[in-house]
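Here the structure is laid out as structure tokens; the discussion comes afterwards.
Residue numbers (our numbering), protein chains in the order written: chain A, 1 to 497; chain B, 1001 to 1494.
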């Protein structure tokens, strides 16, 4: 198989090839690295690619061959610690930084036989919605190279969309998995907060951060979740998920129905702030769910309008503290000075990019004496009220259906001078992070050749429900099977408008 | 240095005391808390604050914190959570310290201690909370500063008092008794030389002579005093400064000062250090912890007696006086030794006397601690029984004791080896006495002539002949019998 592109194959397909002995894992690994080295130049989704597959510690013994992700190539967002590859968070601050350990999620993937091809590009410290805040590289949207892939997990989304890897890991603090998934036409899921251990995920906003998979189908997502959702003693916010290990089985039906399901469409998510083509896709999706047997109704969550403000206060406050450790003393960039305070200042001034500095300043302000009550505490109260309202809606509805983003992928550079416009890209995804509930983005349609995602949200620990409905949707629409032209032809589509 | 403080002035002192809890491992990781290991050997991604690492709470640290709270009569909160205290310093690995602000472990207690033999005072305890220690800066060669993170993440209990202390000496007495308390209940070893107790003090002076709002000086914070002597001296100096200020009508400014041990003065800290805004907010990496009442009760039951309780019990149970009981509880192993000795048959009074005189004398002279002694409580009792049964004299016991302490040998065997044996055999003594009387006929004649004081001389001769081993009472009795016989014999002759 000379034309072998393992990254363009589904997990199931790879398992099949291995079972039939048409390929061996070494071949898969070699081909995956070669394919990425050749084709990623145009996409720019990876920051580091492993030079040679031989460098990877592989156990080809009996147990590994049965492992569920054996030989499956994957990309890892560059804010997840890998002991054998640099972990930079796309920041000058951590340029070349090599962690002393593997993140729990990475360890679990490796144990399941997955092949970590490399580390994917992102917005610096996961702060951004276009991956343009990377200190090192520009990532292009595989559907249109002049468009952004979304962010902050833009490298992961682009790599999956371009068929360079079967799946990738991202992190989702306010939509950083779902929003790029929507822009790149792939599936991205943020499971219930605490489902996947955060140990080894470089923290942005600890109470909101959650690792999630990006893949080309709900089925692949579910298979990856079966490996990753496990209680971890190293993360005190990790939970024992009642559905752990039963995600793939939730999506195994070939013609799933959603009879009796109730789905709410909160009107606040389909207001004027959302582009009409995107609203159109949501209306179409509602019809698809009706055809699948579900009852779809409009509902209202009035507090949602405050979610963005509450989110930015809380996320920036936590970030200002989480990023305090980058001081040049123990690791990362150090700008020497005889005076230690001066060394801190110089290192941080040089190491962090503009958006990161902006958020550190904002968070520092929100936590300062005299402002804490008006900003942080108020935001925290609002967060609880929004969570209560969202949770309350699940007494009536099994799921909520919304757009994932208000627009399709915007142009590179378009929003770099307008942070508020950039923040708006996350307006639909943020509520799920505030409430800690699971949410998924699946391809819902297209507008002028660019993918449009729809988002489904469910109650805490109802991740299986979410997957079941998303799977039913993708099987009945087939949107997920459409791929950007270059992904199949090995050439970048340059038909952007 | 002591300032003459006018009657109408009141000194107010409050303390924030950091105590290293006696856990095997750190507060949020499984690194050892051992002191004195080579720099940066007891570290891991968590206590080094390596990106991506997360804290996991040490259950034992919570328990020892609760024991602190219970020993200080605090209410343990049904639920506690942690906050982050944000500041930059090279020894602070994460750029913040995990501490507690809003919902601490325990609150609202009090602690009664003795300021003199007859006087007690009670200080209110505002709160006890948990936090992690920072690393340590080492100033190396070529003006380099290095950081040792071994201490980073060691669990601390911070004990905050109300400003109920009124003098430097009282503060020292409080700290000394607090130290004994924390050691006794097992919350901390409180090794001062390892910095296991560090104290910040807040002090100001009020003028109570005015009727309306009280005049007074602004509070001075004295940071990081790590010896009781340091606390006392720094306070003496600072109180004098406040009193003098008040006398000239100055109220001073609220500031942080450092105690310069060598110069014997306090020095104002740079304004920069005071301008801290710690930006506390709830620690998102650690869920709130429920301190279930059953857990608290169980710890309360398992908790050892406080020194104060023990002092009372020793008086009631063994009939020793208050002073003796106080000495016995001042070091917990002294009390343990006492109780073990009494339970193996020792007389409480005798054992206590011995512990307070000979035993402590020996320890002081040799500069060793009780637990370094190879003598067991049972051996001490065995020795006291040798005295009681007359096998050795009290004087011999005092000779025997240091050898016992040195060798750890049984008193019986050692007495034999040292030839310390009283002659209590009547016939043997009578033989010696007969010999003495024959050798000193003049003395006998003097006695018969009514000169009673020669008995002392003859007794001396008996003791000399027996190399001091004759049981004095018995020898005296037998000597007098022999002399009486001689008198009667003479009378018959007459």
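Where is the CB? At the ideal position from N, CA and C, for every residue including glycine.
Item: Runs of alpha helix (DSSP H) lying entirely within the segment 1022-1093 of chain B, each at least 4 residues, in chain order; Value: 1059-1071
Item: Residues near residue 428 of chain A in its chain [Cβ-Cβ closer than 7 Å; skip 5 each side]; Value: 269, 402, 403, 404, 405, 406, 455
Item: Spatial distance of residue 399 of chain A from residue 363 of chain A (CA atoms); Value: 33 Å
Item: Which residues DSSP lists as bridging residue 297 of chain A, in chain order; Value: A:264
Item: Nearest residue (CA-CA) to residue 422 of chain A, options A:104, A:392, A:169, A:148; Value: A:148
Item: Residue 1088 of chain B at chain A interface by Cβ criterion, 9 Å; Value: yes
Item: Residues from the segment 1274-1297 of chain B in contact with chain A, defined by Cβ distance under 7 Å; Value: 1277, 1279, 1281, 1284, 1285, 1286, 1287
Item: Residue 190 of chain A vs residue 439 of chain A beta-carbon contact at 9 Å; Value: yes
Item: C-alpha distance - residue 81 of chain A paired with residue 333 of chain A, whole-angstrom precision; Value: 17 Å
Item: Ordered list of alpha helix (DSSP H) runs contained in the segment 154-225 of chain A, each at least 4 residues; Value: 154-161, 178-184
Item: Limits of the beta strand (DSSP E) - the one that residue 477 of chain A falls within; Value: Segment 463-477 is the alpha helix (DSSP H) holding residue 477 of chain A; no beta strand (DSSP E) there.
Item: For residue 1032 of chain B and residue 1297 of chain B, the rounded distance between their alpha carbons; Value: 29 Å
Item: Sheet register partners of residue 1127 of chain B (DSSP bridge); Value: B:1107, B:1160
Item: Beta carbon of residue 1205 of chain B nearer than 9 Å to that of residue 1012 of chain B; Value: yes
Item: N-terminal and C-terminal residue of the alpha helix (DSSP H) that residue 126 of chain A is part of; Value: Run containing residue 126 of chain A: none; DSSP gives neither H nor E here.
Item: Residues from the segment 370-392 of chain A in contact with chain B, defined by Cβ distance under 7 Å; Value: 376
Item: Range covered by the alpha helix (DSSP H) that runs through residue 1401 of chain B; Value: 1394-1407
Item: Chain-ordered chain E contacts of residue 1362 of chain B [CB-CB under 7 Å]; Value: No chain E appears in the structure shown, which is made up of the protein chains A and B.
Item: Where the segment 1089-1122 of chain B meets chain A: residues whose CB sits under 8 Å from a CB there; Value: 1090, 1093, 1094, 1095, 1096
Item: Beta carbon proximity, residue 358 of chain A to chain B, threshold 9 Å; Value: no
Item: Residue range of the unbroken alpha helix (DSSP H) whose run includes residue 452 of chain A; Value: Premise fails: residue 452 of chain A lies in the beta strand (DSSP E), 450-458, not in any alpha helix (DSSP H).
Item: Residue environment, residue 350 of chain A, which counts as buried when at least 16 other CB atoms sit within 10 Å; Value: exposed
Item: For residue 1295 of chain B and residue 1289 of chain B, the rounded distance between their alpha carbons; Value: 12 Å
Item: CB of residue 1223 of chain B within 9 Å of CB of residue 1269 of chain B, strictly; Value: yes
Item: Near-chain A residues of the segment 1031-1063 of chain B (beta-carbon distance less than 8 Å), N- to C-terminal order; Value: 1045, 1048, 1049, 1050, 1051, 1052, 1053, 1054, 1055, 1056, 1057
Item: Separation of residue 1320 of chain B from residue 1165 of chain B, as counted between CA atoms; Value: 31 Å
Item: Host beta strand (DSSP E) of residue 408 of chain A (start-end); Value: No beta strand (DSSP E) holds residue 408 of chain A; DSSP gives it neither H nor E.
Item: Local Cβ density within 10 Å of residue 1034 of chain B, reported as buried at 16 or more and exposed below that; Value: exposed
Item: Runs of alpha helix (DSSP H) lying entirely within the segment 1293-1326 of chain B, each at least 4 residues, in chain order; Value: 1293-1302, 1307-1318
Item: 4-residue-minimum alpha helix (DSSP H) runs that sit fully inside the segment 285-338 of chain A, ordered along the chain; Value: 307-322
Item: First and last residue of the uninterrupted beta strand (DSSP E) at residue 1276 of chain B; Value: Segment: none, residue 1276 of chain B is in no beta strand (DSSP E) and carries neither H nor E.
Item: CB contact check: residue 1023 of chain B to chain A, cutoff 9 Å; Value: no
Item: Inter-residue CB distance, residue 1134 of chain B and residue 1096 of chain B (contact presumed, cutoff 8 Å); Value: In fact, because the Cβ distance is near 11 Å, the residues do not count as touching under 8 Å.
Item: Contact belief for residue 1132 of chain B with residue 1019 of chain B at Cβ below 8 Å, rounded distance in angstroms; Value: Actually they do not touch by this definition, with Cβ atoms about 13 Å apart.
Item: Chain-ordered residues of the segment 1307-1318 of chain B with a beta carbon less than 8 Å from chain A; Value: none
Item: Contact list for residue 340 of chain A against chain B, beta-carbon separation under 8 Å; Value: 1090, 1145
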